[in-house]
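**Student:** Residue numbers (the numbering used here): 13 to 254. Once you've had a glance at the structure underneath, I'll fire off some questions.
The structure is reproduced here in structure tokens:
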């Protein structure tokens, strides 16, 4: 089976029918990911089929959510710790009207993301090179977004300190998790409240067409984040608030 057919059939099994343009963009993205991965560490997943399911479809797993409406994706979104562009770029491909900002601390990855954006012809999307702890104190980005997403590997308390300051009051932070997170969520409740958030929903499901578990932690911004947060770079990961 050729790559295009596999991509289209996989998304169909997941429950979404890609347009020709979206298929072209995903195939271009995969090609660039594999090419650039030969000269820098972007992903340990290099098999095409695994890229489709574990990166592209996993990033768009929110399509399966009963609690995140399609209207959510009409505003502005920041992807904190985006790495090789997950979940931000797949979400942008699926929701072309979404205004997207990709934030990462490594300049080499930003160069890769800029190339993907250019070659795939993506519009209303930009990149920021910097640490979340610093950028969240910049008035250009602080409490400016309708939505923040992160698939980064960090505990929820640390991620909340990175992410909640970016979203406006009434906006949402969606954290992608892959395992049972009851204990992690319980340990992060204090932090979430301090940063102005409230955990409205935790959604657990198996991604359609797979046996891959996915949890989405949906946090709503109910109050402004105190100005002293996030703390200086490195502190949220070394000393998470519990």
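Note that beta-carbon positions come from the ideal geometry of N, C-alpha and C, so glycine has one too. Remember, predicted model here, so these are calculated numbers, not experimental data.
How close, in whole Å, do the beta carbons of residue 231 and residue 204 come, if the pair is a contact with beta carbons under 8 Å?
**Tutor:** Position 219 of the chain shown, counted from the start, is the residue given in the question as residue 231. Position 192 of the chain shown, counted from the start, is the residue given in the question as residue 204. Going by Cβ atoms, the distance from residue 231 to residue 204 rounds to 6 Å, so yes, they are a contact pair.
**Student:** List the DSSP bridge partners of residue 225.
**Tutor:** Mapped onto the chain shown, residue 225 falls at position 213. Paired residues: 218.
**Student:** With DSSP as the reference, label residue 159 as helix, strand or coil.
**Tutor:** Numbered from 1 along the chain shown, position 147 holds the residue referred to as residue 159. The answer is strand: DSSP assigns residue 159 an E or B state.
**Student:** Let me know if residue 89 comes out buried or exposed under the rule of 16 or more other beta-carbons within 10 Å of its beta-carbon.
**Tutor:** Position 77 of the chain shown, counted from the start, is the residue given in the question as residue 89. When all chains shown are included, residue 89 counts as buried.
**Student:** State whether the region 132-148 contacts the region 106-123, with contact taken as three or more CB pairs (one from each stretch) at a distance under 8 Å.
**Tutor:** Result yes; three or more Cβ-Cβ pairs closer than 8 Å.
**Student:** Residue 167 and residue 242 look like a contact to me (Cβ under 8 Å); what is the Cβ gap, rounded to whole Å?
**Tutor:** Looking up residue 167 in the chain shown gives position 155. Looking up residue 242 in the chain shown gives position 230. The pair is not a contact, with the Cβ atoms about 14 Å apart (cut-off 8 Å).
**Student:** Per DSSP, what kind of secondary structure is residue 210 in: helix, strand or coil?
**Tutor:** As a working note, residue 210 is residue 198 in the chain shown. If DSSP states are grouped into helix, strand and coil, residue 210 belongs with the strands.
**Student:** Does the region 39-46 come close enough to the region 124-133 that 3 or more CB-CB pairs lie under 8 Å?
**Tutor:** They touch, by the three-pair rule.
**Student:** Residue 148 and residue 154: beta carbons closer than 8 Å?
**Tutor:** To locate residue 148, count along the chain shown from 1; it is residue 136. To locate residue 154, count along the chain shown from 1; it is residue 142. Going by C-beta atoms, residue 148 is nearer than 8 Å to residue 154.
**Student:** Ignore the nearest five residues each way along the sequence and tell me which others in residue 170's own chain have a CB closer than 6 Å to its CB.
**Tutor:** Residue numbering aside, residue 170 sits at position 158 when the chain shown is read from its first letter. Only 248, 249 and 252 meet the Cβ criterion.
**Student:** Output the boundary residues of the beta strand (DSSP E) element that contains residue 46.
**Tutor:** As a first step, residue 46 is located in the chain shown; it is residue number 34 there, counting from the start. No beta strand (DSSP E) holds residue 46; the alpha helix (DSSP H) holding it covers 32-49.
**Student:** Per the DSSP calculation, residue 232 is bridged to which residue(s)?
**Tutor:** Taking the first residue of the chain shown as 1, we reach residue 232 at position 220. Bridge partners of residue 232: 184 and 210.
**Student:** In chain order, what residues of the same chain have a beta carbon less than 6 Å from the beta carbon of residue 145, not counting five sequence neighbours either side?
**Tutor:** Position 133 of the chain shown, counted from the first residue, corresponds to residue 145. Once the five neighbours on either side are set aside, the close Cβ partners of residue 145 are 242 and 245.
**Student:** Within 10 Å of its beta-carbon, does residue 82 have 16 or more other beta-carbons around it, so buried, or fewer, so exposed?
**Tutor:** The residue labelled residue 82 in the question sits at position 70 within the chain shown. When all chains shown are included, residue 82 counts as exposed.
**Student:** What residues in its chain sit with their C-beta under 6 Å from that of residue 219, if we drop five residues either side in the sequence?
**Tutor:** Stepping through the chain shown from its first residue, residue 219 is reached at position 207. The answer, listed in chain order, is 73 and 226.
**Student:** In or out: residue 37 buried (at least 16 other Cβ within 10 Å) or exposed?
**Tutor:** Stepping through the chain shown from its first residue, residue 37 is reached at position 25. Per the 10 Å Cβ criterion, buried.
**Student:** Does chain C have any CB closer than 8 Å to the CB of residue 85?
**Tutor:** The structure shown has no chain C; it contains just one protein chain.
**Student:** Cβ of residue 214 within 7 Å of any heavy atom in the ligand GTP?
**Tutor:** As far as ligands go, the structure on display features none, and thus does not contain the ligand GTP.
**Student:** I need the straight-line Cα distance from residue 151 to residue 181, nearest angstrom please.
**Tutor:** For the purposes of this step, residue 151 is taken as residue 139 along the chain shown, with counting starting at 1. For the purposes of this step, residue 181 is taken as residue 169 along the chain shown, with counting starting at 1. Their backbone Cα atoms lie some 15 Å apart in a straight line.
**Student:** Closest by CA to residue 121, which one among 80, 51 and 187?
**Tutor:** As a first step, residue 121 must be located in the chain shown, where it is residue number 109. Nearest of 80, 51 and 187 to residue 121, Cα basis: 51.
**Student:** Put residue 13 into one of helix, strand or coil per three-state DSSP.
**Tutor:** Reading the chain shown from its first residue, position 1 is the one you call residue 13. The answer is coil: DSSP assigns residue 13 none of H, G, I, E or B.
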